Structures are given as structure tokens and as C-alpha cells.
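> A single structure is presented below for examination.
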Amino acid sequence: MMKHAGDNAPRVVVVGGGISGLAAAYRLRTSAAVAGRSVDIKLLEAGDRVGGTIGTRRQDGFVMELGPDSMLTAKPWGRALCEEVGLGERLVGTIDGNKGTAIAIDSTLQPLPEGFEFMVPTRLWPMVTTPLFTLAGKVRAAADIVIPKRKDTSDESLASFVRRRLGSEVLEKAAQPLAGGIYTADPERLSLAATMPRFIEMEQRHRSLLVAMRREATGGRTATGPRYSLFTSLAGGLEEFPRRLAELLPEGSIHTNAEAEELSRTDGHWRVRAAGNEFEADAVCLATPAFASSSLVESVSEELSHRLAAIPYASSLTINLVFDESDIPNPLEGFGFVVPAAQKRTTLACTYSSRKYPGRAPSGSVLLRAFAGGALFPDKIALSDSELTGEVLSDLRELLGIVRSPREVIVSRYPQSMPQYQVGHLDLLGEIESSLAGLPGLYLAGAGYSGVGIPDCVNSGEKAAAAILAYLASED
Numbered sequence: 029m030m031k032h033a034g035d036n037a038p039r040v041v042v043v044g045g046g047i048s049g050l051a052a053a054y055r056l057r058t059s060a061a062v063a064g065r066s067v068d069i070k071l072l073e074a075g076d077r078v079g080g081t082i083g084t085r086r087q088d089g090f091v092m093e094l095g096p097d098s099m100l101t102a103k104p105w106g107r108a109l110c111e112e113v114g115l116g117e118r119l120v121g122t123i124d125g126n127k128g129t130a131i132a133i134d135s136t137l138q139p140l141p142e143g144f145e146f147m148v149p150t151r152l153w154p155m156v157t158t159p160l161f162t163l164a165g166k167v168r169a170a171a172d173i174v175i176p177k178r179k180d181t182s183d184e185s186l187a188s189f190v191r192r193r194l195g196s197e198v199l200e201k202a203a204q205p206l207a208g209g210i211y212t213a214d215p216e217r218l219s220l221a222a223t224m225p226r227f228i229e230m231e232q233r234h235r236s237l238l239v240a241m242r243r244e245a246t247g248g249r250t251a252t253g254p255r256y257s258l259f260t261s262l263a264g265g266l267e268e269f270p271r272r273l274a275e276l277l278p279e280g281s282i283h284t285n286a287e288a289e290e291l292s293r294t295d296g297h298w299r300v301r302a303a304g305n306e307f308e309a310d311a312v313c314l315a316t317p318a319f320a321s322s323s324l325v326e327s328v329s330e331e332l333s334h335r336l337a338a339i340p341y342a343s344s345l346t347i348n349l350v351f352d353e354s355d356i357p358n359p360l361e362g363f364g365f366v367v368p369a370a371q372k373r374t375t376l377a378c379t380y381s382s383r384k385y386p387g388r389a390p391s392g393s394v395l396l397r398a399f400a401g402g403a404l405f406p407d408k409i410a411l412s413d414s415e416l417t418g419e420v421l422s423d424l425r426e427l428l429g430i431v432r433s434p435r436e437v438i439v440s441r442y443p444q445s446m447p448q449y450q451v452g453h454l455d456l457l458g459e460i461e462s463s464l465a466g467l468p469g470l471y472l473a474g475a476g477y478s479g480v481g482i483p484d485c486v487n488s489g490e491k492a493a494a495a496i497l498a499y500l501a502s503e504d
């Protein structure tokens, strides 16, 4: 069955109902309306709901994030779109006066030194006095002041960069676990240019990272680790965001349980077959994981398919745990902790959700959220819920002293959900763009390309929408 627009409006099919696809579809509609045009939009989602990995469970006064729990406001696109669609008053910041990250070393939690910006100290005395690093590790990190800048302009892994500038101990105890919390990646393979180009610029401009951070440090900031003051969420959980975008799309434009099975192009028109239907389009946006897009484009471009397949993905898991306050023997300081891979624990990180954002748990209760899996521990996705929970509770017993069983546990699994920006990723993106140039009307969006966070995905979808509208205008 061929799906046609009811009038002469150009037809666009967006494949994928995660935040990237929703942002693309929403921006297609609004930008076209501003230009006095109409676009017939169809959004195809393989699952039974939109939102992708963004999911929130609300029950008994708890707001439990099953996927991501925050947006970084330093990247403005997520917050700006929330405000545009009427969610501005729903945005909430982290709880004041309760910031900081700890690093799990053996059976203790060592606070990350005050003023530590991701992996580089901006204040001398906290770095000197911290028990997190050995004297030898501190001396080696301080050597950054005299180490010359790198002259080779080729891409470098995060591990290579940190080891070269600050030493192996800073890599093992700070950079690896903090980066793992963002990218669930192997730092030996993670592209610095694709994920943290700021540090390359700092080295080239100031030679020393320590000097650069001292010069660029903002007065009065006391948060450690990730810059928590720049994180935001929504009062009822992040799932409010994709739901709101879906509500603002034209009635009948969203098709769930409609997995795209085939993509073809004939006589200048695209066709997408999904769930027994065929959707004709003047332009298509693939807002699916790169490996899924690779399968779809194989029949129209083996070259593009091969290049998309070269972006690897890792699996991740989140485990929400509900406790009574009386079950927590020690004060929960900061927003949580991360675990270096060298510790060989199942738990990669744990967020004290009810201490991070307001309204996450009723009075007298504590909500924790643990993370597992990732590129370094791919076998964890195969554990049963009971096995995974048992291993996480063992970690929490040693690190937080919790001996009571949780009142409730919710395990969420995301197989092949986290794109891995490996060394050479930017070159690969250039090759993908070159392949796309020979396929007019086909566009890509999503976390697999230029950023994994929600704001990055929003930006990716909006850029695809702008490119599609420019293409359609050129075809008039």
C-alpha cells in the first residue's frame, strides 16, 4: 500500500522515534510553517512508544529514570527546545549545596578533589592534600607544566592524551571512570578529537593543561567532576520531553510498531517499507543507530552502508533501587560515585538520584541508580536481573555499607545503545558525508555521529530538518 500526501505538500519520512527523530520531525513542521510551506511528515518507530532510551517510571511518589537523567545546559539545544515547546517551567536544576563526585577505590569512596574539572585540577591545594592520588601520581601530574605540547596533529585516544600529559594514575582513577560515565567507552580507543576537542585546543594554546585550566577557571565554582550546576532535568522526568514533542506533531504522523525494513529509490523518490506498508517520500531522515541505518541503506549504497557499520556500539544497563532512609547507614555525600575499571566491579557508577534532583523520592525514602555494562564489560548485558542485582548490591554493601535489601529494583537494558567514537571517528564522519552527497534527499541524525547527549541529539535532528527543507526548496 502506497502512502501519499493528501495534497501537493512534499513528503518526508523520519525513521526512528527517539529524541533525534522527534526533534527532526518537530522542526520540519515548525520551520516549514514559518516559511509558509507545509510538509507531510511520517515518523516510523519500531517500538511501541517514542522516546528511545529516554524513559521514566513514576509510581508511589518516585520518579525513576530508566535511561538518561540529565541534560547538559552548556549545550543549549535541549533546554532551548524544552522552553520552546512549553516545558520551560518544568525544568529543574540539581539540588543546591549537594554537589561532588566520589571515586571508588578498594572499599572506600574518595572525593574527587575540589576544583577538579573532569580530569584536570584547577586548584593546587586540594590536589596536593587529596588521598585519592599517591605522591608519585601527584608529582607526575604536576609534570604537565613542563611537558611540551604535541606536534603531531593526528587523532589521539583519550588514554594516550591523559597518560602523556598527566600520567597513568590520573587516567586510571579519574579520566577513565569519568569518561566511562559519559561514553561507556574504552579510553584506549575513545577519540579525543571527537569527544573532548577542548583539551586539544588547551594544549595547543597554553601548552600545559594545568596552566590552561588555571587561566580559564571560573571564580567561585566549587563543583567537582562533571559541572553539575550545568545539568538540568524535568520535574516529572525526562520522558516529558519526547512526549511533548510527539503531542505537537500532526495527528496520524507517528507510526509505532513500524520497523523500517527496506529503503529504495526510484525516479527521484524514496520509498520506505515498514510494517507491511510502503511510504513514499521526497526526503528521508534516518534517525536510527548507525548499524540500523547501515542495514537500511545497503540496497542503495554499499559504500555508505559499510561506513555506517564501522561505528561500533556498546550495551548499557541501569538499575534503580529503592531503600528506606534507615537502610542507609552512612550519609550519602555528593551526587554519587564512579568506579575505575581497574577495580573490576559490576557497578560502573551510582547516582544518588533523590539527592541529585528534587522530587525524585518521597520523604523517608532513598532512590539510587546504578550503571553497568559498557565497552569494557560487555558480558554484563547477559546476566539475569537477579544476577545483576546481586552483584550491584554486593558493590553497594562494600562501598556504602548497605546491608538491607531494596524495597524495589528496576533493571533496564539497552543493548547496542551507546555509539563508540573511536580514534578516527571524525575522518569516518567525513567519509559518510561524502557517501551521502551521492544520495540526494537522504539525511542522518542521532547519537552515532556528533554527540551522544540529549542536547547533541536534538541538535542533530534540527540540523537534519534544516538540510531537508533546503533540499526540498531547491527541488521546487
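So for the sequence shown, our numbering puts the first residue at 29; every next one is plus one. All C-beta atoms, glycine included, are put in the ideal place defined by N, C-alpha and C. Note that the structure is predicted; figures quoted are calculated from it, not measured.
(1) Please report the distance separating the alpha-carbon of leucine 266 from that of aspartate 76.
(2) Spatial neighbours of threonine 223 within its chain, please: C-beta separation below 6 Å, excluding the five flanking residues on both sides.
(3) When the Cβ atoms of the region 375-385 are set against those of the region 360-367, are three or more pairs found closer than 8 Å?
(4) Whole angstroms are fine: how far does the CA of glutamate 73 sit from the CA of glycine 46?
(5) Quick test of your reading: aspartate 407 and threonine 375, contact by CB under 8 Å. State the CB separation rounded to the nearest angstrom.
(6) Quick check on aspartate 180: buried or exposed, where buried means 16 or more other Cβ atoms within 10 Å of its Cβ?
(7) Alanine 342 bridges to which residues according to DSSP?
(8) Just the Cα atoms here: how many angstroms apart are glycine 44 and tyrosine 211?
(9) Buried or exposed: arginine 243, going by 16 or more other Cβ atoms within 10 Å of its Cβ?
(10) Could you check the C-alpha separation between glutamine 371 and serine 433 for me, to the nearest Å?
(11) In terms of residue numbering, what span does the beta strand (DSSP E) encompassing tyrosine 471 cover?
(12) Would you tell me roughly how many angstroms separate the C-alpha atoms of valine 509 and valine 40, rounded to the nearest one?
(13) For the structure I just gave you, are there three or more beta carbon pairs, one from the region 348-355 and one from the region 310-329, closer than 8 Å?
(14) How many Å lie between glutamate 231 and valine 174 at the Cα?
(15) Report the start-end ranges of each alpha helix (DSSP H) in the region 410-446 that is 4 residues or longer and not cut off at the edges.
(16) In this structure, does DSSP put isoleucine 210 in helix, strand or coil?
(17) Helix, strand or coil for glycine 247, going by three-state DSSP, please let me know.
(18) By alpha-carbon positions, which one of Ser59, Leu467, Val42, Pro38 ends up nearest to valine 312?
(19) Give me the Cβ distance between glycine 296 and serine 343, rounded to the nearest whole Å; I'm assuming they're in contact under 8 Å.
(20) Evaluate contact between the region 95-115 and the region 457-477, counting only Cβ atoms and requiring at least three cross-stretch pairs below 8 Å.
(21) When we look at the beta-carbon of tryptophan 105 and count the other beta-carbons within 10 Å, is it buried (16 or more) or exposed?
(22) So, with DSSP's three-state summary, where would you put threonine 157?
(23) Leaving out five residues on either side along the sequence, give the residues of the same chain with a beta carbon under 7 Å from the beta carbon of leucine 258.
(24) Indicate the three-state DSSP secondary structure (helix, strand or coil) for threonine 101 in the structure shown.
(25) Cα-Cα, which of Tyr471, Glu117, Ala493 is closest to phenylalanine 269?
(26) In terms of residues, what are the limits of the alpha helix (DSSP H) holding proline 96?
(27) Check the DSSP bridge columns for threonine 379 and list the partner residues they point to.
(28) Smallest Cα separation from leucine 71: which of Asn348, Phe307, Ser327, Pro443?
(29) Could you say if the region 159-169 and the region 189-202 meet the contact criterion of at least three C-beta pairs nearer than 8 Å?
(30) Check whether the region 485-494 touches the region 460-475, taking contact to mean three or more Cβ pairs, one atom from each stretch, closer than 8 Å.
(31) In the DSSP output, which residue or residues are listed as bridge partners for aspartate 68?
(32) Could you have a look at threonine 129 and say whether DSSP puts it in helix, strand or coil?
(33) Report the rounded CA-to-CA distance for valine 328 versus aspartate 68, giving the unit in angstroms.
(34) Just mark glutamine 204 as buried or exposed, buried being the case when its beta carbon has 16 or more other beta carbons within 10 Å.
(35) Might you give, ordered along the chain, the residues of its own chain that have their beta carbon closer than 7 Å to the beta carbon of leucine 15, omitting 5 neighbours on each side?
(36) So who's on the other strand from phenylalanine 259, going by DSSP bridges?
Quick answer:
(1) 18 Å
(2) Tyr449
(3) yes
(4) 8 Å
(5) 15 Å between Cβ atoms; not a contact.
(6) exposed
(7) Met446
(8) 21 Å
(9) exposed
(10) 24 Å
(11) 470-472
(12) In the structure as shown, the chain starts at 29 and stops at 504, and residue 509 therefore has no counterpart that could be examined.
(13) no
(14) 12 Å
(15) 413-428
(16) helix
(17) With a pLDDT of 43 at glycine 247, under the threshold of 50, the modelled position of that residue is not reliable, and the figure given next carries that caveat. Three-state result, glycine 247: coil.
(18) Val42
(19) Not really, about 39 Å apart at Cβ, beyond 8 Å.
(20) no
(21) buried
(22) helix
(23) Leu100, Thr101, Ala102
(24) coil
(25) Glu117
(26) Note, proline 96: premise wrong, no alpha helix (DSSP H); not H, not E.
(27) Gly364, Arg397
(28) Phe307
(29) yes
(30) yes
(31) Arg39
(32) strand
(33) 24 Å
(34) buried
(35) Residue 15 lies beyond the range of the chain shown here (29 to 504); nothing can be said about it.
(36) Leu100
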